[in-house]
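Chemist: Numbering (our numbering), first residue to last: 317 to 821.
In this text, a Cβ means the ideal position worked out from N, Cα and C, and glycines have one as well.
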């Protein structure tokens, strides 16, 4: 039976909230990784056929409804190898630096992750989180990457209906998940096929260089979170000598293949759950018991019970076990442990208010937006190309690594198997030889991008410097650590690197 459209969108919404990427083993012949700059070489001259993009005029206008920001649009080629094939549009916003003259450094481009998350939405909601020193030194700039948000969008079916809050497909069922992924691929092939080969991370990184030039910056200053670290590292590989100050927080290890990536992330959520369970066990009212083992058994039982008998509240809210597990994932990533404890307790009593508070609603989203898949499937580190048989064979290993999340993660392994566009990035170490110092930030109990990935990327980069936060949740900057804020702000504003081996507590 073909999965319904609203189940299709529900499954995608679940994956999008899982914090970053859910990936697996890549298969098939991969195109050779694009390397525009030889190791240690200078940044390339702009090819003549790209001159019109680098020389276009970027007109800024006051954004409607948000007068402290300016809005603009940028033209980039659909296909950098064939600029004559046509243009696509990038949407950009900026908040001008409060300083001038000697205090102003340039523009700080940023990407919050995803892939598929709007950088514009991130900056609009977080600009006030930046310190006065950073806001004085930089124009804060966000550009929605190609295929994402307000830029030329991967819109696979504009007629698909919005999904009611909490209604999701059974991710833990490998066959059903594979069917949902196949329908996504078919719809995207029909509705966005021309765009799909050209929304990968390499193209987005090349767009960042066009933006750098149009902003008038000789060097790119950049802040990337989660998937944004992969995008930043890719830029560093392509244009190492054009880097100014770069912070990569919640790093991805680009040398991982998809299977290792997915298994590592599954393990990361298990570590985070056990950290939550240990803290909860110290409270007399802990809703999942008073040991890590008891908490794990309780969570598994709740998920199974809700999948048998979902909770229904009101006209539009249905919470099954997989929706609830998704809320747990959000609570671990944030980390909003208070709301997570409330959700666990309330669900046991038949209430879903705290679950809804964790996952929110998606009724205002474009249900045809499949930029998450379109970007992920072009990278064999981020995309998943396992068959159903391979996913089933992997299930025991996933359950061994993470009894609480193994089924859900194994069910994502066929994510890209039927995708219409093949990967154009293969797993490999990124050294960015010739780049100035790059700060890589890792959180010890980060579920979505495990700390070992930050260690790996910092080692790979020829100029990497690792900053560690002994904390919980996904990413470290603007999470409340004075030590982390001071270290990153000092680097961005004064170029001061954190001391080697710095651990913030």
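Is the beta carbon of residue 694 closer than 8 Å to that of residue 515?
Modeler: Mapped onto the chain shown, residue 515 falls at position 199. Mapped onto the chain shown, residue 694 falls at position 378. Yes, the pair counts as a contact, with Cβ atoms nearer than the cut-off.
Chemist: Identify the residues that DSSP records as bridge partners of residue 537: which are they?
Modeler: For the purposes of this step, residue 537 is identified with residue 221 of the chain shown, where counting begins at 1. BP columns for residue 537 point to 424.
Chemist: Could you pull the DSSP bridge partners for residue 401 from this structure?
Modeler: Looking up residue 401 in the chain shown gives position 85. Note: residue 401 sits in no beta bridge, so no partner.
Chemist: For residue 798, tell me which candidate among 774, 529, 447, 425 has the shortest Cα-Cα distance.
Modeler: As a first step, residue 798 must be located in the chain shown, where it is residue number 482. Closest option to residue 798, Cα to Cα, is 447.
Chemist: DSSP puts residue 583 in a beta bridge; with which residues?
Modeler: For this step, residue 583 is matched to residue 267 along the chain shown. Per DSSP, none; premise fails for residue 583.
Chemist: Would you tell me roughly how many angstroms separate the C-alpha atoms of residue 545 and residue 431, rounded to the nearest one?
Modeler: Counting from one through the chain shown, the residue named residue 545 turns up at place 229. Counting from one through the chain shown, the residue named residue 431 turns up at place 115. Whole-angstrom Cα-Cα distance: 11 Å.
Chemist: In angstroms with no decimal places, state the Cα-to-Cα distance between residue 805 and residue 775.
Modeler: Start at 1 with the first residue of the chain shown, and residue 805 comes out as number 489. Start at 1 with the first residue of the chain shown, and residue 775 comes out as number 459. Rounded to whole angstroms, residue 805 to residue 775 spans 22 Å at the Cα level.
Chemist: Is residue 524 helix, strand or coil by DSSP?
Modeler: In the chain shown, the residue the question calls residue 524 occupies position 208. Helix.
Chemist: In the DSSP assignment, what are the bridge partners of residue 633?
Modeler: Taking the chain shown and counting its residues from 1, one reaches residue 633 at position 317. Its beta-bridge partners are 629.
Chemist: Taking buried to mean at least 16 other C-beta atoms within 10 Å of its own C-beta, is residue 803 buried or exposed?
Modeler: Taking the chain shown and counting its residues from 1, the one referred to as residue 803 is at position 487. Classification for residue 803: buried.
Chemist: Touching or not, the stretch 765-783 and the stretch 740-749, by the rule of three or more beta carbon pairs under 8 Å?
Modeler: Yes: at least three Cβ pairs fall under 8 Å.
Chemist: Specify the secondary structure class of residue 807 as computed by DSSP and reduced to three states.
Modeler: Translated into the one-based positions of the chain shown, residue 807 becomes position 491. In this structure, residue 807 counts as helix in the three-state DSSP scheme.
Chemist: Could you round the C-beta distance between residue 655 and residue 666 to whole angstroms and report it? I think they count as a contact, below 8 Å.
Modeler: Sequence index remark: in the chain shown, residue 655 carries index 339 (1-based). Sequence index remark: in the chain shown, residue 666 carries index 350 (1-based). Incorrect: roughly 18 Å between the Cβ atoms, too far for contact.
Chemist: If you measure between the beta carbons of residue 619 and residue 668, is that distance less than 8 Å?
Modeler: The residue labelled residue 619 in the question sits at position 303 within the chain shown. The residue labelled residue 668 in the question sits at position 352 within the chain shown. No, the pair does not count as a contact, with Cβ atoms beyond the cut-off.
Chemist: Could you round the C-beta distance between residue 454 and residue 424 to whole angstroms and report it? I think they count as a contact, below 8 Å.
Modeler: Along the chain shown, read from residue 1 onward, the residue named residue 454 stands at position 138. Along the chain shown, read from residue 1 onward, the residue named residue 424 stands at position 108. The Cβ separation is near 4 Å, so the contact holds.
Chemist: Can you tell me whether residue 518 is buried or exposed, with buried defined as 16 or more other CB within 10 angstroms of its CB?
Modeler: By 1-based counting over the chain shown, the position of residue 518 is 202. Buried, since its Cβ has 16 or more Cβ neighbours within 10 Å.
Chemist: Between the C-alpha atoms of residue 505 and residue 457, what's the straight-line distance to the nearest angstrom?
Modeler: The residue given as residue 505 occupies position 189 in the chain shown. The residue given as residue 457 occupies position 141 in the chain shown. Spanning the two alpha carbons is a distance of roughly 32 Å.
Chemist: On a CA-only basis, which of 548, 422, 586, 584 is nearest residue 570? Give me that one, please.
Modeler: Taking the first residue of the chain shown as 1, we reach residue 570 at position 254. The option with the nearest alpha carbon to residue 570 is 548.
Chemist: Could you name the residues of the same chain whose beta carbon sits closer than 6 Å to that of residue 427, not counting the 5 residues immediately before and after it, in chain order?
Modeler: Mapped onto the chain shown, residue 427 falls at position 111. Around residue 427: 435, 540, 544, 547.
Chemist: Does the beta-carbon of residue 382 have 16 or more other beta-carbons within 10 angstroms, so that it is buried, or is it exposed?
Modeler: The sequence position of residue 382 within the chain shown is 66, counting from 1. By the neighbour-count rule (16 or more Cβ atoms within 10 Å), residue 382 is not buried but exposed.
Chemist: Taking 8 Å as the limit between beta carbons, can you name the residues of its chain near residue 508, skipping five residues before and five after?
Modeler: Locating residue 508 in the chain shown gives position 192, counting from the first residue. 470, 471, 472, 686, 690.
Chemist: Once DSSP output is grouped into helix, strand and coil, what is the label at residue 814?
Modeler: To locate residue 814, count along the chain shown from 1; it is residue 498. Looking at residue 814 - three-state DSSP - the assignment turns out to be coil, as it is neither helix nor strand.
Chemist: Starting from the Cα of residue 621, find the closest Cα among 398, 697, 749, 637 and give me that residue.
Modeler: Translated into positions along the chain shown, residue 621 becomes position 305. Cα-wise, what sits closest to residue 621 is 637.
Chemist: Could you spell out the range, first to last residue, of the beta strand (DSSP E) harbouring residue 384?
Modeler: Indexing the chain shown from 1 puts residue 384 at position 68. It spans 382-393 - the beta strand (DSSP E) in which residue 384 sits, taken as one unbroken run.
Chemist: Compute the Euclidean distance between the alpha carbons of residue 814 and residue 555, then round it to the nearest angstrom.
Modeler: One-based indexing of the chain shown puts residue 814 at position 498. One-based indexing of the chain shown puts residue 555 at position 239. Using only the alpha carbons, I get a separation of about 24 Å.
Chemist: What runs of the alpha helix (DSSP H), each 4 residues or longer, lie entirely inside the stretch 586-673?
Modeler: Segments of the alpha helix (DSSP H) lying fully in the stretch 586-673: 608-624, 637-649, 653-664.
Chemist: Can you name the start and end residues of the alpha helix (DSSP H) that residue 490 belongs to?
Modeler: Along the chain shown, read from residue 1 onward, the residue named residue 490 stands at position 174. Start and end: 490-508.
Chemist: Go through its chain and collect everything with a Cβ distance to residue 530's Cβ below 6 Å, but skip five positions before and after it.
Modeler: Numbered from its first residue, the chain shown carries residue 530 at position 214. Within the same chain, residue 530 has close Cβ partners 374.
Chemist: At what residues does the alpha helix (DSSP H) containing residue 436 begin and finish?
Modeler: On the chain shown, position 120 is the one that residue 436 refers to. It spans 435-442 - the alpha helix (DSSP H) in which residue 436 sits, taken as one unbroken run.
Chemist: Do three or more CB pairs link the stretch 764-772 to the stretch 721-731 at distances below 8 Å?
Modeler: With the cut-off at 8 Å, the stretch 764-772 and the stretch 721-731 do not touch.
Chemist: Report the three-state DSSP secondary structure of residue 703 (helix, strand or coil).
Modeler: Against the chain shown, residue 703 aligns to sequence position 387. If DSSP states are grouped into helix, strand and coil, residue 703 belongs with coil.
Chemist: Please determine, among 499, 525, 418, 385, the residue with the shortest C-alpha to C-alpha distance to residue 367.
Modeler: Reading the chain shown from its first residue, position 51 is the one you call residue 367. The candidate whose alpha carbon is nearest that of residue 367 is 525.
Chemist: Taking all protein chains shown into account, do 16 or more other C-beta atoms lie within 10 angstroms of the C-beta of residue 363, making it buried, or fewer, making it exposed?
Modeler: Numbered from its first residue, the chain shown carries residue 363 at position 47. Under this definition residue 363 is an exposed residue.
Chemist: In the DSSP output, what is residue 685 paired with across the bridge?
Modeler: Numbered from its first residue, the chain shown carries residue 685 at position 369. DSSP output for residue 685 lists 471 as bridge partner(s).
Chemist: Using DSSP with H/G/I as helix, E/B as strand and the rest coil, what is residue 553?
Modeler: On the chain shown, residue 553 is found 237 positions in, with the first residue counted as 1. In the structure shown, residue 553 sits in a helix (DSSP, three-state: H, G or I).
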